[in-house]
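Take a look at the structure below.
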Amino acid sequence: MNKIARKLVLSILTVVLTVIALGTTTFAWFTLTNTAQVQQFQAQIVADTGIEIAIGVPNPAEPNYGLNWVTTLTTAAVNQYISDAYGGAFRFQHVTTTDGRSFRTLGLDEFGNPITSQGTTTGILVLPIHFRSASSNQIRWTGASLSSTKADWIVNQTFTDETGTLMNAGSTVEIDASDSMRISVFGTLNEPTGIALAYEKPAGDRNVTSQTGDLTNGGIGVNGAMNYYFSSTASLPGGADNVQLVPTLTSMVTSPLVLDMASGFAATAGQEYYGTVNVRVWIEGWDANAYNSILDRVINASLVFEGDYLAP
20 MNKIARKLVL
30 SILTVVLTVI
40 ALGTTTFAWF
50 TLTNTAQVQQ
60 FQAQIVADTG
70 IEIAIGVPNP
80 AEPNYGLNWV
90 TTLTTAAVNQ
100 YISDAYGGAF
110 RFQHVTTTDG
120 RSFRTLGLDE
130 FGNPITSQGT
140 TTGILVLPIH
150 FRSASSNQIR
160 WTGASLSSTK
170 ADWIVNQTFT
180 DETGTLMNAG
190 STVEIDASDS
200 MRISVFGTLN
210 EPTGIALAYE
220 KPAGDRNVTS
230 QTGDLTNGGI
240 GVNGAMNYYF
250 SSTASLPGGA
260 DNVQLVPTLT
270 SMVTSPLVLD
280 MASGFAATAG
290 QEYYGTVNVR
300 VWIEGWDANA
310 YNSILDRVIN
320 ASLVFEGDYL
330 AP
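The opening residue of the sequence shown carries number 20 in this note's numbering; numbering runs sequentially from there.
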């Protein structure tokens, strides 16, 4: 296999989130009254010579699939896609997933009763990113990051935080809103398993990576947002005894392949090789770091892809 090293740099792919709380609930992430709205999506998606990219829904009846192929996908183009696809009304919601593609609700209803987990397509940002090239026929996911400006949160309940420290009511906790976010990428090379490649921030500082299984901790909830929820409500959400999440990567050192681009697309896509991946961004509802203090925070997300050539 000859590596052409065509870098597709989705640099500073920035999701600016303003999380708004509807109603009067001030507890943890399980309350579906807490949602987030994409106020702005700043993006610079760049492709090296020989590779072009586009965002949107392809139309095979139109030349070049009806897509606007560029070497730099601007913020304006990404914002326009979000506006077209979601009608300007996209809002994140607390969801959960076992495969990074299909999502389910979780939480309590307005009367404090556990909600039966149901499939949902709302609250998840999906970006279809297309690639075409005359020479590269594979795409690797080589970089990802999530970050946010840290902020202080004055807690209103005594609880045990994610580090195992007892926090008294009125004390201050430093919060990073990006700790509760996830990114996944799904391409043709993920189809055999049906499971997307997912990324979350590595453990460190106050961040705890995904926890699965029985999170009830004897009925008081594991450390972090769940124990805060128990301290606030004297209950735990339904399903806390058997939490299953999509496996996540915390670095891209293995540079996993995500896409085999098909050949023979010169007449339709405008180049010999063509393919697409779906990028999804969401708030993981079971995350130990997802307190209500993520409200009104800004989260930055970035991805890096490289193109390779696999000889027939």
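Glycine residues also receive a C-beta, built at the ideal position from the N, C-alpha and C atoms.
All figures in this text were calculated on a predicted structure; none of them were measured in a lab.
Inter-residue spacing [alpha-carbon to alpha-carbon] between residue i and residue j
| i | j | result |
| --- | --- | --- |
| V323 | R151 | 16 Å |
| D327 | S155 | 5 Å |
| S251 | F178 | 9 Å |
| I72 | Y105 | 21 Å |
| I194 | G142 | 22 Å |
| T207 | L268 | 19 Å |
| S254 | Q176 | 14 Å |
| E210 | I74 | 21 Å |
| Q61 | T91 | Legend: pLDDT at Q61 = 47, less than 50; position of this residue unreliable, no value from coordinates given. |
| G119 | F111 | 15 Å |
Where residue i sits in the DSSP three-state scheme
| i | result |
| --- | --- |
| W48 | With a pLDDT of 33 at W48, under the threshold of 50, the predicted position of this residue should be treated as unreliable, and no value is reported. |
| D327 | strand |
| L29 | Note on L29: pLDDT 46, under 50, position unreliable in the model; no value is reported. |
| Y310 | coil |
| Q230 | coil |
| D279 | strand |
| F178 | strand |
| G75 | coil |
| M200 | strand |
| T252 | helix |
| M271 | coil |
| T85 | Position check: residue 85 holds Gly in this sequence, whereas Thr was assumed. The answer is helix: DSSP assigns G85 an H, G or I state. |
| S102 | helix |
| A153 | coil |
| A96 | helix |
DSSP beta-bridge partners of residue i
| i | result |
| --- | --- |
| I194 | A170 |
| N297 | P147, F205 |
| G138 | R123 |
| R159 | L276, E325 |
| E303 | V114 |
| V262 | G232 |
| G237 | DSSP output for G237 lists no bridge partner at all. |
With 16 other Cβ atoms within 10 Å as the buried cut-off, status of residue i
| i | result |
| --- | --- |
| I173 | exposed |
| V97 | buried |
| N87 | exposed |
| N226 | buried |
| P256 | buried |
| G238 | exposed |
| L146 | buried |
| S203 | buried |
| S282 | exposed |
| A307 | buried |
| G213 | exposed |
| T341 | Residue 341 lies beyond the range of the chain shown here (20 to 331); nothing can be said about it. |
| E219 | buried |
* Please confirm if the stretch 260-275 is in contact with the stretch 135-146, defined as three or more CB-CB distances below 8 Å between the two stretches. => Result no; under three Cβ-Cβ pairs closer than 8 Å.
* To do: Would you be able to state if there are at least three C-beta pairs under 8 Å between the stretch 187-197 and the stretch 267-280?
  => In short, these stretches do not touch, since the Cβ pair count stays below three.
* Asked: Taking one C-beta from the stretch 232-240 and one from the stretch 154-170 each time, how about it: are there three or more such pairs within less than 8 Å?
  -> Taking 8 Å as the limit for Cβ pairs, the verdict is that the stretch 154-170 does not touch the stretch 232-240.
* Quick one: any contact between the stretch 241-249 and the stretch 285-301, if contact means 3 or more CB pairs under 8 Å? -> Short answer: they don't touch.
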